[in-house]
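Working notes, beginning with the structure itself.
There are 2 protein chains.
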Amino acid sequence: MSRPQPQKRATVHDIAAAAGVSRGTVSRVLNGGYVSAEARAAIETAMSDLGYVPNNAARALKMRRSQAVAFVALEPHSLFLDDPNIGSIMLGANAALSLADHQMVSLVVESARDTERVSRYLSGGFVDGAIVVSARAHDPIIKVISDLALPAAFVGHPPDLDQHIPFVGIDNVGSARAITEHLVTSGRRRIGMIAAALDRDSGIDRLAGFRAALGPLFDETLIADVPHYDYGSGVKGMRDLLGRDPSIDGVFAASDAIAAGALEALREAGRSVPGNVGVVGFDDSTWAVRCQPQLTTVHQPAKEIGSCAAQLVLRQLRGEHPDAGGQLLPTPLVLRDSA
Amino acid sequence: MSRPQPQKRATVHDIAAAAGVSRGTVSRVLNGGYVSAEARAAIETAMSDLGYVPNNAARALKMRRSQAVAFVALEPHSLFLDDPNIGSIMLGANAALSLADHQMVSLVVESARDTERVSRYLSGGFVDGAIVVSARAHDPIIKVISDLALPAAFVGHPPDLDQHIPFVGIDNVGSARAITEHLVTSGRRRIGMIAAALDRDSGIDRLAGFRAALGPLFDETLIADVPHYDYGSGVKGMRDLLGRDPSIDGVFAASDAIAAGALEALREAGRSVPGNVGVVGFDDSTWAVRCQPQLTTVHQPAKEIGSCAAQLVLRQLRGEHPDAGGQLLPTPLVLRDSA
DNA sequence: TACGGATGTGTGAACGTGCACACAGTAGGA
DNA sequence: TCCTACTGTGTGCACGTTCACACATCCGTA
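Chains as they are written, first to last, in the working numbering: chain W, 2 to 340; chain A, 2 to 340.
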């Protein structure tokens, strides 16, 4: 009738009593060791009869291992809604951790309150390591992880990231450069960029690559600076660029979502793509193929990024020292119709 | 030099020794009780000096409470990539749990291996409750949660869901009926549906609502049955319908993503929307506003669904019995340009 | 004076687990 | 006969925490 405590669960003691052996023998059935066939059989029937499930909390306390790894998504608000990459990264990480029989637990950080609670959670022994996605510069979580010396891997690398913490990412500079060069070689001359998230390494680096590719063609006034990698920012950014220079004939959007927004703004303004203006994006997300025309863009191997980050953490859990610095994954250009 | 064990952490004992008091007093500082001002000050300086962080695993073991609630996403593969709702549901749940100072941990289930590991995780004392999203009929996780009597809430309700487990959702039948009626009242006569996920309650109910709205106008041959709520399924489904009856003039797509795919197929076929064919979707996701034309659709209050599910779990954790059955949230129609 | 209450502190036990250790029996070889 | 190795089992302790309890002190008041 009353259900205040969630129902007494069977423990090793109960199993031992039911099977007529000692706790130690039960433990050996669970973790390996010498056990006679009769004892093992008795214990196994007792376990299924009583519905025994080992208590993770007790095990984690004793072993100092929880077999769980956190996947920390920082400021995911816009990410979950507009960037399909984080989902793929997550699934990639989960698959890799799953193979190593580790549980991935994802934690979402949206507010200062979340930051503090997640910090406590990470330090409290519920997880053995952490994968951190999309940290901005000076994110407090970076310091927490450094101080704890928690085995970790970052996806992307905020500029103030501790040297000892490995990261995985892509060569944003090189990729941005390559796709911008595609615009140049296809004959565009007045090329602008809708740059986003300039407080994040990815945003900064994509802008740097763009600048490097253009060389003398680079024109400071053709940079529209928007806060997020989302569709709405793309619409605004493109309108901004058209206002600054109506003769613009090429645009590098810092993400596919932005590029999609840019296409909308160009349509409004009566420009054809790729006829009047060439547009390229970044991510090769689902946006790329659902745009009209489909986007020429940079492919981000999101799933591989996730599994690579997971590997970096697992390696540390095995006691190996990961290679210092970061690991960059290849990002092939995907040529479609928009440029 | 060696870093096999992750660095000895300070415990209550260490703090007590450093502050010259007993463990009990330290515990009282943490959890409330009578403590003198001097003792409190000494303990607090000791804590920050030694960088003390309480051990969750030990606390959970003793208290039988972890202050964590699982968010279980079943078969999220297509969801994360194509359905933006799950992200919003997650953020809504996180916000509500955060206010109650509970940590949301999301677990992803993609394979049988995951199912088993997650079941162990749920039973092991690492979480106090669970929110389960998008369970299909006969999903093994349903039985696990029933057997454990774990405080839980489902988003959507698989047909074989235990009577005692509360769920939150929307009135799929009523909403589908309402939006279909919108097609009828705007003069469409040959109305088809691209139905998806007919092994899930949402899919079944949307079809039922469609059928109810049409009454005598209903024509079995104008139902295209696709497996997923995604864009690609929409393209295929619409081509299928056009093949069956070229005179079709209205389409209810079971999701916005499907509707977006349908628009693409209609464009291919040279039909104008809403001129030749009226199209309506479901979800009011970001798809709805990025389509051309923008979609008339059913608004799903995803964030509220998440926070409502969280409340249902929190209520059980406080010992209250939740109302049996489910809680349905309102789903206003959003009239845009596609029908 | 004695008493009750409020305030403050220390001690021991327990949560459920895994592991080190002790112990027992058997078998084989020197 | 003794020593060693192997198989099999039971016991005690520790992980870090919280809580119940015992104890101690001070104050106000009957």
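We treat Cβ as the ideally placed atom computed from N, Cα and C, and that holds for glycine.
Item, Value
"Cβ contact (3+ pairs, closer than 8 Å) linking the segment 296-313 of chain A and the segment 150-158 of chain A", "yes"
"Assumed close pair W:D241, W:G282 - CB separation to whole angstroms, cut-off 8 Å", "In fact, because the Cβ distance is near 17 Å, the residues do not count as touching under 8 Å."
"C-alpha distance - A:D226 paired with A:V185, whole-angstrom precision", "21 Å"
"As assigned by DSSP and simplified to three states, the class of W:Q6", "For W:Q6, the predicted structure reports a pLDDT of 40, less than 50, and the residue's modelled location is therefore unreliable. A value from the coordinates is still provided. The answer is coil: DSSP assigns W:Q6 none of H, G, I, E or B."
"Three-way DSSP call (helix, strand, coil) for A:L334 in this model", "strand"
"Same chain, Cβ closer than 8 Å to A:T222, neighbours up to 5 away in sequence not counted", "R245, D246"
"Spatial neighbours of W:R137 in its chain, beta-carbon cut-off 8 Å, leaving aside the 5 residues before and after", "L75, E76, P159, D200, R201"
"Nonlocal neighbours in the same chain, by C-beta distance under 8 Å from A:S23, ignoring five residues either side", "A17"
"Check whether W:V1 and W:S339 have beta carbons under 8 Å apart", "This structure cannot settle anything about residue 1 of chain W, because the visible part of chain W is limited to 2 through 340."
"Interface partners of W:M48 on chain A, CB under 8 Å", "The contacting residues do not exist; W:M48 stays about 13 Å from chain A at best."
"Meets three-Cβ-pair contact criterion under 8 Å: the segment 39-58 of chain W and the segment 34-44 of chain A", "no"
"C-beta contact flag for W:G238 and W:A263 at 8 Å", "yes"
"Alpha helix (DSSP H) segment containing W:G235, residue limits", "232-245"
"Min CB distance A:R337 to chain W below 8 Å", "no"
"First through last residue of the alpha helix (DSSP H) which encompasses A:D284", "A:D284 -> no alpha helix (DSSP H), and no H or E assigned at all."
"Cβ of A:V54 within 8 Å of any chain W Cβ", "yes"
"Residue closest to W:G188, alpha-carbon to alpha-carbon, out of W:S234, W:V145, W:G251", "W:G251"
"Status (buried if at least 16 other CB within 10 Å, exposed otherwise) for A:D129", "buried"
"Rounded straight-line distance, which links the Cα of W:S99 to that of W:Q68", "10 Å"
"Chain A contact residues for W:N57, given Cβ-Cβ distances below 9 Å", "A58, A61, R121, Y122, S124, G125, G126, F127"
"C-alpha gap between A:R4 and W:L315, whole angstroms", "Low per-residue confidence applies at A:R4: pLDDT is 35, beneath 50, and the placement is therefore not dependable, though the value from the model is reported in the following sentence. Spanning the two alpha carbons is a distance of roughly 15 Å."
"Which residues DSSP lists as bridging W:I195, in chain order", "W:A225, W:A254"
"Cβ-based burial, A:S49 [other Cβ within 10 Å; buried from 16]", "exposed"
"Run of the beta strand (DSSP E) containing A:V278, from where it starts to where it stops", "Unbroken run through A:V278: none, as it is neither H nor E."
"CB contact below 8 Å: W:A261 versus chain A", "yes"
"Per-residue contacts from A:E117 into chain W (C-beta, under 8 Å)", "Correct list: empty, because the minimum Cβ distance to chain W is about 10 Å."
"Nonlocal neighbours in the same chain, by C-beta distance under 6 Å from W:I192, ignoring five residues either side", "L184, G251"
"Where the alpha helix (DSSP H) through A:G204 begins and ends", "202-215"
"Cα-Cα separation between A:L318 and W:A196, rounded to whole angstroms", "46 Å"
"contact_flag[the segment 100-115 of chain A, the segment 100-110 of chain W] where n(CB pairs < 8 Å) is 3 or more", "yes"
"Runs of alpha helix (DSSP H) wholly within the segment 282-322 of chain W (minimum 4 residues, chain order)", "287-291, 303-318"
"Cutoff 8 Å: W:Y35 Cβ touching any chain A Cβ", "no"
"CB of W:N86 within 8 Å of CB of W:A303, strictly", "yes"
"Rounded straight-line distance, which links the Cα of W:R60 to that of W:G233", "48 Å"
"Any C-beta of chain W under 8 Å from that of A:N95", "yes"
"Chain-ordered residues of the segment 128-146 of chain A with a beta carbon less than 7 Å from chain W", "none"
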